Amino acid sequence: RYERWLWSIRDAAAIRREIFVECPIAHPCLAVRRRTLLALGYRERGFPEDWDLVLRLVRGGHGLSMVPRRLLGWRDGPSRLSRNHPMYALQAFVDCRAHHLAAGPLEGHDSYLLWGFGDTGKALKRALLAFGKRPAAIVELHPGRIGQTIEGAEVVAPEAVPSLPPLPMLVSVAGAQARGEIRGFLDGIGRRETIDYHCCA
């Protein structure tokens with residue numbers, strides 16, 4: 062599934078759109094100019110260092126692009142670090158995402174809008190609390206949740222999005238198809254991806 066998703070990212074605009082979903086460039090294929098890498102430096106934060114580097118590159122205004130042909134033949138075995146090291150556990154990815162969202166699109170905002178309150182959305186909400194970020198509202202499809210208040214955030218249906226305050230929106234829905242439908246909805250009401258909303262699953 063990850064490999065199919067990587068192959069769907071074909072240009073710099075797609076990298077920017079997908080940057081908070083997962084690392085949009087396979088680690089062995091990432092090439093960075095030496096002076097840029099030295100300026101950014103390596104850092105170990107307890108989460109995936111390759112994704113952290115790509116996120117720092119994008120936040121620093123560096124352009125990223127894709128080579129339009131296969132460069133990597135990937136063998137995936139059980140002994141790979143990404144399969145058994147805590148730095149690559151699911152929570153480490155959530156922590157990396159939250160760290161960069163807090164320092165990027167959510168910088169200067171104490172609250173945000175959260176679309177999705179399944180396992181992915183709940184994990185992201187918890188991780189963002191460490192940075193003092195709380196959802197002002199939660200957008201949900203689940204009829205049993207709509208109308209509830211969860212830790213101070215009103216749960217609303219998608220139709221209510223135009224009336225919500227103009228805060229950054231985080232779309233935290235795991236499935237690519239569902240994200241595509243949400244993107245279509247938000248684009249259709251004039252929201253701009255990477256400016257007004259970010260997909261981050």
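Residues in the sequence shown are numbered consecutively from 62, following our numbering. Glycine residues also receive a C-beta, built at the ideal position from the N, C-alpha and C atoms. The structure presented is a predicted model; accordingly, all values stated were derived computationally and were not measured.
Taking 7 angstroms as the limit between beta carbons, can you name the residues of its chain near residue i, skipping five residues before and five after?
{"i": "Cys157", "result": "Phe108, Pro109, Trp112 and Asp113"}
{"i": "Phe192", "result": "Ala159 and Ala163"}
{"i": "Leu167", "result": "Tyr173, Lys194 and Pro229"}
Could you tell me the distance, in whole angstroms, from the CA atom of residue i to the CA atom of residue j?
{"i": "Glu201", "j": "Arg252", "result": "17 angstroms"}
{"i": "Arg120", "j": "Leu190", "result": "21 angstroms"}
{"i": "Gly179", "j": "Ser140", "result": "31 angstroms"}
{"i": "Arg70", "j": "Val217", "result": "The residue you asked about is not Arg; residue 70 is Ile in the sequence shown. Straight-line Cα distance between these residues: approximately 31 angstroms."}
{"i": "Ala74", "j": "Arg131", "result": "19 angstroms"}
{"i": "Asp248", "j": "Tyr258", "result": "10 angstroms"}
{"i": "Ile211", "j": "Gly241", "result": "26 angstroms"}
{"i": "Arg104", "j": "Gly138", "result": "26 angstroms"}
{"i": "Arg106", "j": "Val93", "result": "20 angstroms"}
{"i": "Arg136", "j": "Leu231", "result": "33 angstroms"}
Given a cut-off of 8 angstroms on the beta-carbon distance, is the pair residue i and residue j in contact?
{"i": "Lys186", "j": "Leu174", "result": "no"}
{"i": "Cys261", "j": "Arg244", "result": "no"}
{"i": "Glu83", "j": "Tyr63", "result": "yes"}
{"i": "Ala197", "j": "Pro226", "result": "yes"}
{"i": "Ser233", "j": "Gly165", "result": "no"}
{"i": "Ala56", "j": "Trp68", "result": "Outside the displayed span of the chain (62 to 262) sits residue 56, for which this structure offers no information."}
{"i": "Thr255", "j": "Arg144", "result": "no"}
{"i": "Arg9", "j": "Leu98", "result": "Outside the displayed span of the chain (62 to 262) sits residue 9, for which this structure offers no information."}
{"i": "Val128", "j": "Ile86", "result": "no"}
Pull up the CB-CB distance for residue i and residue j, whole angstroms please, since I reckon it's below 8 angstroms.
{"i": "His170", "j": "Leu228", "result": "6 angstroms"}
{"i": "Leu125", "j": "Cys90", "result": "Contact doesn't hold; Cβ gap of about 11 angstroms is too wide."}
{"i": "Phe246", "j": "Pro219", "result": "6 angstroms"}
Do residue i and the ligand FMN come close, with the Cβ less than 7 angstroms from some heavy atom?
{"i": "Gly121", "result": "Of the ligands one can find in the structure shown there are none, so the ligand FMN has no counterpart to examine."}
What do you get for residue i, buried or exposed, if any count of 16 or more other CB atoms within 10 angstroms of its CB means buried?
{"i": "Ala214", "result": "buried"}
{"i": "Leu142", "result": "exposed"}
{"i": "His161", "result": "buried"}
I'd like to know if residue i contacts chain E, where contact means its C-beta is closer than 8 angstroms to some C-beta of that chain.
{"i": "Arg65", "result": "Of the protein chains in this structure there is only one, and it is not chain E."}
Here's a check: name, in chain order, each residue in its chain whose Cβ is nearer than 6 angstroms to the Cβ of residue i, leaving out the five neighbours to either side.
{"i": "Ala184", "result": "Val155"}
{"i": "Gln209", "result": "Val216"}
{"i": "Gly177", "result": "Ser233 and Val234"}
{"i": "Arg206", "result": "Val216"}
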